[in-house]
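Novice: Residue numbers for the sequence shown follow my numbering, so the first one is 17 and each next one is one higher.
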Amino acid sequence: MNEQDRQAPTADGAKRKVGGYLFLPRSMQRGAVILWLRRMHAWTGVYGALIFLLLGISGFYLHHRAEMKIENGRLREAASLTAFVEPGAIESEDDLAAWLTREYKVEGKRAPARGRPGEKVSFSGQQAEQPQLIEISFRAPNGTVSAEHAVGSNVVALKRQSASPLKAVIDMHKTVGVSTAFILIMDTIAGAMVFMSVSGVLLWTRLHGSRLAAVGLFSVATIASLIAMSGVWVSWSAP
Numbered sequence: 017m018n019e020q021d022r023q024a025p026t027a028d029g030a031k032r033k034v035g036g037y038l039f040l041p042r043s044m045q046r047g048a049v050i051l052w053l054r055r056m057h058a059w060t061g062v063y064g065a066l067i068f069l070l071l072g073i074s075g076f077y078l079h080h081r082a083e084m085k086i087e088n089g090r091l092r093e094a095a096s097l098t099a100f101v102e103p104g105a106i107e108s109e110d111d112l113a114a115w116l117t118r119e120y121k122v123e124g125k126r127a128p129a130r131g132r133p134g135e136k137v138s139f140s141g142q143q144a145e146q147p148q149l150i151e152i153s154f155r156a157p158n159g160t161v162s163a164e165h166a167v168g169s170n171v172v173a174l175k176r177q178s179a180s181p182l183k184a185v186i187d188m189h190k191t192v193g194v195s196t197a198f199i200l201i202m203d204t205i206a207g208a209m210v211f212m213s214v215s216g217v218l219l220w221t222r223l224h225g226s227r228l229a230a231v232g233l234f235s236v237a238t239i240a241s242l243i244a245m246s247g248v249w250v251s252w253s254a255p
């Protein structure tokens with residue numbers, strides 16, 4: 017006989033069912049529903065296992081890097097190059113990005129443009145026109161490619177940096193420099209975590225304990241989390 021169907025006598029001699037899943041309606045405690053819930057919980061874990069592992073390792077590191085004085089990963093210069101172009105051929109960030117993609121087949125997510133606008137400066141008591149400086153970079157977890165060009169000149173300075181494995185994992189954790197497809201995959205991983213949390217609680221309630229024990233455990237965890245978070249926020253009051 018299924019444990020869910022065990023019956024205990026009441027005061028009037030009638031039979032009533034005991035056990036069951038605490039937070040599931042009785043109508044949903046059929047074998048097919050529970051089997052589906054168990055399978056989905058298991059397959060969701062298999063689907064996200066590798067990324068769960070990476071998130072756990074990088075998350076632990078990010079939490080303790082200051083106290084343990086561990087480096088935050090690093091970028092090291094892998095190559096630098098000075099390229100020549102026709103004067104006036106590049107006049108904007110888009111022109112420089114198109115040239116870099118065309119000439120060197122650079123692929124990756126383009127970071128926000130930096131640079132310096134053209135302006136007049138004083139040098140040795142004389143006024144001089146300083147040209148506009150354009151800087152762009154393509155960033156990915158495994159490294160960056162950057163280019164710098166002074167508008168009107170015939171020179172483009174290129175630099176490629178490679179990321180350490182730790183830096184790559186951290187950037188993937190923070191979805192820095194990744195593609196839209198990877199961001200969507202991470203969204204599904206976030207959904208998988210939510211589903212496994214809910215389904216895990218539902219399946220746990222069948223194993224042991226009463227509603228009172230479940231509510232007590234949840235309350236203790238909530239209070240502990242609130243106490244831990246109380247020292248996180250910055251408070252300030254004007255004199």
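For each residue, glycine too, the CB sits at the ideal point set by N, CA and C.
Values in this document were obtained by computation on a predicted structure and should not be read as measured data.
Using the Cα positions of ALA65 and ILE186, report the straight-line distance between them to the nearest angstrom.
Specialist: Going from the Cα of ALA65 to the Cα of ILE186 covers about 17 Å.
Novice: Name the residue from ASP111, ILE152 and ALA144 whose alpha carbon lies nearest to the alpha carbon of PRO128.
Specialist: Considering only alpha carbons, the answer is ILE152.
Novice: Is ARG259 helix, strand or coil when you go by DSSP?
Specialist: Since the first residue of the chain shown is 17 and the last is 255, residue 259 is not available in this structure.
Novice: Excluding the 5 residues flanking LEU70 on each side, which residues of the same chain have their C-beta closer than 8 Å to its C-beta?
Specialist: Answer for LEU70: VAL185, MET188 and HIS189, listed in chain order.
Novice: Taking only runs of the beta strand (DSSP E) that begin and end inside the stretch 158-235, which ones reach a length of at least 3 residues, in chain order?
Specialist: Taking only runs of at least 3 residues, the beta strand (DSSP E) segments lying wholly in the stretch 158-235 are 159-166 and 171-179.
Novice: Please classify LEU8: is it buried, with 16 or more other beta-carbons within 10 angstroms of its beta-carbon, or exposed?
Specialist: Lying outside 17 to 255, the shown extent of the chain, residue 8 is not represented and no answer is given.
Novice: Sorted by chain position, which residues of the same chain lie with C-beta nearer than 7 Å to ALA95's C-beta, five sequence neighbours on each side aside?
Specialist: Contacts found: ARG176.
Novice: Tell me the residue span of the beta strand (DSSP E) that contains GLU151.
Specialist: Unbroken beta strand (DSSP E) run through GLU151: 149-156.
Novice: Where DSSP assigns a beta bridge to LEU78, which residues make up the other side?
Specialist: Answer is none; LEU78 lacks a bridge partner.
Novice: Count the other C-beta atoms from every protein chain shown that fall within 10 angstroms of the C-beta of PRO157, then say buried if there are 16 or more, exposed otherwise.
Specialist: PRO157 is buried by the Cβ-count criterion.
Novice: ALA144 lies in the beta strand (DSSP E); which residues open and close that run?
Specialist: Unbroken beta strand (DSSP E) run through ALA144: 142-146.
Novice: To the nearest angstrom, report how far apart LEU149 and LEU116 are at their CA atoms.
Specialist: Distance between the alpha carbons of LEU149 and LEU116: 16 Å.
Novice: Grab me the residues of ALA240's own chain with a C-beta within less than 7 Å of its C-beta, minus the 5 sequence neighbours each way, in chain order.
Specialist: Contacts found: none.
Novice: Quick one: grab the DSSP three-state call for LEU71.
Specialist: Reduced to three states, the DSSP call for LEU71 is helix.
Novice: What span of residues does the beta strand (DSSP E) with GLU135 cover, start to end?
Specialist: Note, GLU135: beta strand (DSSP E), 135-139.
Novice: State the start and end residues of the unbroken beta strand (DSSP E) segment that holds GLN131.
Specialist: Gln is not the amino acid found at residue 131; the sequence shown has Gly there. Run containing GLY131: 130-132, per the beta strand (DSSP E) assignment.
Novice: To the nearest angstrom, how far is the alpha carbon of SER162 from that of ARG132?
Specialist: Their Cα atoms are separated by approximately 15 Å.
Novice: When the Cα atoms are used, what is the spatial distance from GLN146 to VAL167?
Specialist: Using only the alpha carbons, I get a separation of about 10 Å.
Novice: How far does the alpha helix (DSSP H) with ALA113 in it reach, from first residue to last?
Specialist: Counting along the chain, the alpha helix (DSSP H) containing ALA113 begins and ends at 109-120.
Novice: Can you give me the Cβ contacts of ALA179 inside the same chain, cut-off strictly under 6 Å, excluding the 5 residues immediately before and after it?
Specialist: Excluding positions up to five away in sequence, the list reads LEU91, ASN158 and GLY159.
Novice: From ALA144 to ARG155, what distance separates their C-alpha atoms?
Specialist: Roughly 35 Å between the two C-alpha positions.
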